[in-house]
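Comments concern the structure below.
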Amino acid sequence: MKELLYLYCVTKDKPSSCNFEDLGIKIHPVYFRGTYALASSVSPDDFSEDNLEKHLADMGWVEKHIRLHEKVIEEIMRGQAVLPFKFGTVFENETNVEKLLKTNNLEFKAVLARLEGKEEWGLKIYCDSEYFKDVICKEDERIKEKDKEIVSANKGKAYFLKKKMQEFIKEIVNEKISEYTKDCFERLKITAVDTRINKILPKEVTEKKEDMVLNAAFLINNKRIKEFENVLGYLKTKYADKGPIFDCTGPWPSYNFCGSSKEKTNKR
Amino acid sequence: MEILDRALEKGVVISGDIVISVADVDLVYLGLKVLLSSVETMERLRGAPFSGATEEPT
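Below you can see the structure in the form of structure tokens.
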């Protein structure tokens, strides 16, 4: 069966090297009017529609190929801005890849120009709810007041007050978490050219014992990376021992910022 | 997990000649072990807005 073309990304210039020996990948660049689609030949055993669907149920296969996808893009990213493709963008031949470049020529050029000189960084914030509750119960005046009420109340009333207290604590926890995450996000946003809030991932996916409370991506001008790092450092100090746990990663290929201008983003 | 977050869900979304259905991606994303209780999880995954913790942690 004929080999297929697996697409990694689009760039403005041809990469300095097309041979990634240690990854076992040879890049096949396809050119159209000022853009290059960087692809490699892949076997239909892996990427035909039927086989791909089967392979997607195999986490081992998926992990291996996604890591490869990512490594190739990151290598190319060392030299220039890249427009990364979603995993699994496969074409039957070079002509179809060229058609893709032709159809999207202006859009690709525009986004690449916007991404030049910028980096994507991701920030996830987690909160250990139990720890958080403890901190709040110790510090929040309103809760301390209610505690006093409970101690001085008779048994029946105390039970009722305790139940209301649980509700109240839940409200305060949510209030505080919102306040903290908003503070962190807004301060970091100032250093960024563009931002994206992504969906919260549940524990089943993160496999962490804490809850995720913020999942954000920032597109930052290279010249302001230091500023971004400083703000992050400030936030970590500000919220140390208060509950929020910061997980900042990057630089990433700009997966979150390669949409068209029609897409909703939090642009400045 | 960070990679799954990005390479599976984002990036330029253009249909190649080979099409992966959304359901296939969800399967991978959640990992097979979650598939068993996945309907509810998928619903939660699909739309938690930015508002801090809105649910009591389980």
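Those protein sequence lines, which keep their order, are chains A and B.
All residue numbers for the first sequence refer to this note's numbering, where the first residue is 15 and numbers rise by one.
All residue numbers for the second sequence refer to this note's numbering, where the first residue is 195 and numbers rise by one.
Think of the CB as a built atom: it goes at the ideal place given N, C-alpha and C, for glycine as much as any other residue.
Whole-angstrom C-beta distance between residue j and residue i, which should lie under 8 Å
i      : j      : result
A:F99  : A:C23  : 6 Å
B:I197 : A:R81  : 7 Å
A:L283 : A:V125 : One cannot answer for residue 283 of chain A here, as it falls past the ends of chain A, which runs 15 to 282.
A:V207 : A:K132 : 6 Å
A:N212 : A:N229 : 4 Å
A:N270 : B:K204 : 6 Å
Own chain residues within Cβ distance below 6 Å of residue i, not counting five before or after
i      : result
B:L230 : Bear in mind that a pLDDT of 32 at B:L230, under 50, signals an unreliable position, so the model cannot answer this.
A:K203 : T209
A:C32  : I41
A:L129 : A95 and S268
A:C151 : I157
A:E108 : V44
Beta carbon of residue i nearer than 8 Å to that of residue j
i      : j      : result
A:L52  : A:E106 : no
A:M226 : A:K138 : yes
A:W75  : A:I234 : no
A:D142 : A:G273 : no
A:K176 : A:I186 : no
B:A201 : A:H83  : yes
A:F242 : A:T205 : yes
A:F61  : A:V104 : yes
A:L21  : A:K85  : no
A:N90  : A:P29  : Correcting the residue type first, residue 90 of chain A is Ile in the shown sequence and not Asn. Yes.
A:K160 : A:F182 : yes
Cβ-based neighbour list, residue i, same chain, cut-off 7 Å, excluding 5 preceding and 5 following
i      : result
A:Y45  : none
A:I191 : C141 and V227
A:P265 : E133, E134 and W135
A:I87  : Y22, C23, V96, P98 and P267
A:L215 : M226 and N229
Three-state secondary structure (DSSP) of residue i
i      : result
A:V96  : coil
A:N229 : strand
A:N12  : Nothing can be reported for residue 12 of chain A: it is not among the residues displayed for chain A, which extend from 15 to 282.
A:G273 : coil
A:T103 : coil
A:E134 : strand
B:L230 : In this prediction, B:L230 scores a pLDDT of 32, lower than 50, which makes its location untrustworthy; the coordinate-derived value is nonetheless stated afterwards. If DSSP states are grouped into helix, strand and coil, B:L230 belongs with coil.
A:N118 : coil
A:D261 : strand
B:K204 : coil
A:I239 : helix
A:W266 : strand
A:V125 : helix
A:P43  : strand
B:V213 : coil
Spatial neighbours of residue i in its chain, beta-carbon cut-off 8 Å, leaving aside the 5 residues before and after
i      : result
A:K123 : K26, G48 and T49
A:I259 : I139, Y140, C141, D142 and E224
A:V149 : D255, K256 and G257
Short CB-CB distance (under 8 Å) between residue i and chain E
i      : result
A:T109 : The structure shown contains no chain E; its protein chains are A and B.
Next on the checklist: At 4 residues or longer, what runs of the alpha helix (DSSP H) sit wholly inside the segment 138-226 of chain A?
Outcome noted: Secondary structure in the segment 138-226 of chain A: the alpha helix (DSSP H) runs of 4 residues or longer, each lying completely within the stretch, are 143-153, 155-166, 169-203 and 217-220 in chain order.
Item to check | alpha helix (DSSP H) runs wholly inside the segment 64-90 of chain A, at least 4 long, in chain order | outcome: Scanning the segment 64-90 of chain A for uninterrupted alpha helix (DSSP H) segments of 4 residues or longer gives nothing; none is fully contained.
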